[in-house]
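For reference, the structure is listed below as structure tokens.
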Amino acid sequence: MPRYVTVEAPPRAPLAAAEGYRVGEFVEVAGRKGDAAVTYVAEITALWAMGDGHGFTGKFYYFPADLDDKTMAQFPSHPGNHISSARDTDIVALKTEDNEIFASPFSGDLPLRVIIKRCNVVQSMPLRQFKDEPLRTYLCRYAYAPSAFPSPFVKLDADDEPANCRLGPEHQAEIPPLQEANAAPAPALHRRWVPEQARRQVKTYLAVVHCLQLAIGNVVYVWNAKSKEQIPAVLQEYVARDGQFRVTYVDGTGAASLVDADMVRGLVGPDEVLFALHDAGYDPSTALARVTQLVSDRSMLLVKEYLDDEESSESDASSSTAAASPRQPTERQSVLHKQRLAKQRQSTAPPLKRSRKLD
Numbered sequence: 000m001p002r003y004v005t006v007e008a009p010p011r012a013p014l015a016a017a018e019g020y021r022v023g024e025f026v027e028v029a030g031r032k033g034d035a036a037v038t039y040v041a042e043i044t045a046l047w048a049m050g051d052g053h054g055f056t057g058k059f060y061y062f063p064a065d066l067d068d069k070t071m072a073q074f075p076s077h078p079g080n081h082i083s084s085a086r087d088t089d090i091v092a093l094k095t096e097d098n099e100i101f102a103s104p105f106s107g108d109l110p111l112r113v114i115i116k117r118c119n120v121v122q123s124m125p126l127r128q129f130k131d132e133p134l135r136t137y138l139c140r141y142a143y144a145p146s147a148f149p150s151p152f153v154k155l156d157a158d159d160e161p162a163n164c165r166l167g168p169e170h171q172a173e174i175p176p177l178q179e180a181n182a183a184p185a186p187a188l189h190r191r192w193v194p195e196q197a198r199r200q201v202k203t204y205l206a207v208v209h210c211l212q213l214a215i216g217n218v219v220y221v222w223n224a225k226s227k228e229q230i231p232a233v234l235q236e237y238v239a240r241d242g243q244f245r246v247t248y249v250d251g252t253g254a255a256s257l258v259d260a261d262m263v264r265g266l267v268g269p270d271e272v273l274f275a276l277h278d279a280g281y282d283p284s285t286a287l288a289r290v291t292q293l294v295s296d297r298s299m300l301l302v303k304e305y306l307d308d309e310e311s312s313e314s315d316a317s318s319s320t321a322a323a324s325p326r327q328p329t330e331r332q333s334v335l336h337k338q339r340l341a342k343q344r345q346s347t348a349p350p351l352k353r354s355r356k357l358d
């Protein structure tokens, strides 16, 4: 329904549960558009019980009056190769019928007492209509999709063809109710990787794991533009204004810098995250605990490896320096050596100055 339309039922007596509405039936619903009472058409998609009676979930249809003139101006003017009504031909301009409605993505929950009566919704009108039919019939050839281009009206695939038939419950074949037989227990199945299973749950789980790995204090891989490689670093702070992380590299230098959030990657890859969810039987809590343990173990292992490499490199550097350079004198030895040189200068007599003989 358009956002400015509010479905509000006038006071009505509750319908008896014995009237037996079923999922898939089309009904007329009483509502209001401003101060005026209007009728809407809906398809029942679910039935449920509530505290003060019964309710239903309906998928509603648009009437041409529900759409503005600018939208209706985009209604297809030519039917093309698809003829959904006996009155539609290639030489006659296509126009909306008096009883035409449009499918919409809008659905809502309402009590059963707002239902006026049942109705019929077809994709093509019968060649002959009978006046004694108790239920009103609506024509739905198009669905309204605001995002469609160039026209928001999308042609529906017609499942029925025009024919001489009567509509209504009095002219339909009786369908017996479904009776579930005592089926044999299903054999045990081995779970396989099914990407389509719980797609929304998988996306939510991936987002949670991503936030977990980019938590402050965790060790992550950070792309370093200078060295052109990914270097492990500890996340110290997140600067929301610039979308950057302040990180400290785990390489023994303790260097810190600001990097973009796009340059940060967790220690656990997406494939490992998905397979952890698969192994946990699509239980997010169990899989999340497994991924948390992986992040913790790899963080400690990475820091330990860098510390070990730093100690080994320092020991190798000190031994190589001692072997290559001669033994250097200590500070006390240098002082004593200077004192001995000063005494030797004092004990040696200075040379006598020669006097110039004057004639």
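Counting in numbering that gives the first Met the number 0, the sequence shown runs from 0 upward without gaps. Cβ atoms here follow ideal geometry from the backbone N, Cα and C, with glycine treated the same way. Remember, it's a predicted structure, so these values are computed and weren't measured experimentally.
Quiz item: Quick one: what's got a C-beta closer than 6 angstroms to Tyr61's C-beta in the same chain, skipping five residues either side?
Solution: Phe101, Ser103 and Tyr143
Self-check item: Per-residue DSSP class, three states only, for Asp259
Solution: In the three-state scheme derived from DSSP, where H, G and I count as helix and E and B as strand, Asp259 is classed as strand.
Quiz prompt | Status (buried if at least 16 other CB within 10 Å, exposed otherwise) for Phe55 | solution = Looking at its Cβ environment, which holds 16 or more other Cβ atoms inside 10 Å, Phe55 is buried.
Quiz item: DSSP three-state call for Glu271: helix, strand or coil?
Solution: helix
Quiz item: Under 9 angstroms, do Val221 and Gln212 count as touching if we go by C-beta distance?
Solution: Here Val221 is not near Gln212, since their CB atoms are 9 angstroms or more apart.
Practice problem: Using only alpha-carbon positions, find the residue among Glu271, Asp34 and Gly19 that is nearest to Ile43. | Solution: Gly19 is the residue among Glu271, Asp34 and Gly19 whose C-alpha sits nearest the C-alpha of Ile43.
Exercise. Look at Glu24 and Arg117 and say whether their C-beta atoms are less than 9 angstroms apart.
Key: yes
Quiz item: Should Arg297 and Leu266 be called a contact, given that it needs their Cβ atoms to be closer than 9 angstroms?
Solution: In this structure, Arg297 lies near Leu266, with their beta-carbon atoms less than 9 angstroms apart.
Quiz item: In angstroms, rounded to a whole number, what distance separates the CA positions of Leu293 and Glu271?
Solution: 10 angstroms
Quiz item: Do Val219 and Leu234 come within 9 angstroms of each other at the CB atom, strictly closer than that value?
Solution: yes
Self-check item: Nearest to Leu66 (by Cα), restricted to the options Glu99, Ala36, Met49 and Gly57
Solution: Nearest of Glu99, Ala36, Met49 and Gly57 to Leu66, Cα basis: Glu99.
Quiz item: Does DSSP put Thr136 in a helix, a strand or coil?
Solution: strand
Self-check item: Inter-residue spacing [alpha-carbon to alpha-carbon] between Ala68 and Leu111
Solution: The question names Ala, but residue 68 is Asp in the sequence shown. Rounded to the nearest angstrom, the two C-alpha atoms are 33 angstroms apart.
Self-check item: CA-to-CA distance, Ala187 to Ser284, given in whole angstroms
Solution: 24 angstroms
Exercise. Note the first and the last residue of the continuous alpha helix (DSSP H) segment covering Lys69.
Key: For Lys69, the enclosing alpha helix (DSSP H) stretches over residues Asp68 to Met71.
Practice problem: Please go through the same chain and pick out, in chain order, the residues whose beta-carbon is closer than 7 angstroms to the beta-carbon of Val22, but skip the five residues on each side of it. | Solution: Ile43, Thr44, Ala45 and Leu46
Quiz prompt | Host beta strand (DSSP E) of Val221 (start-end) | solution = Val218 to Asn223
Quiz item: According to the Cβ coordinates, are Phe74 and Ser150 closer than 9 angstroms?
Solution: Contact check for Phe74 against Ser150 passes: the beta carbons are separated by less than 9 angstroms.
Exercise. Mind checking who Tyr281 pairs with in its DSSP beta bridge?
Key: Beta-bridge partners of Tyr281 (DSSP): none assigned.
Practice problem: Report the three-state DSSP secondary structure of Leu287 (helix, strand or coil). | Solution: helix
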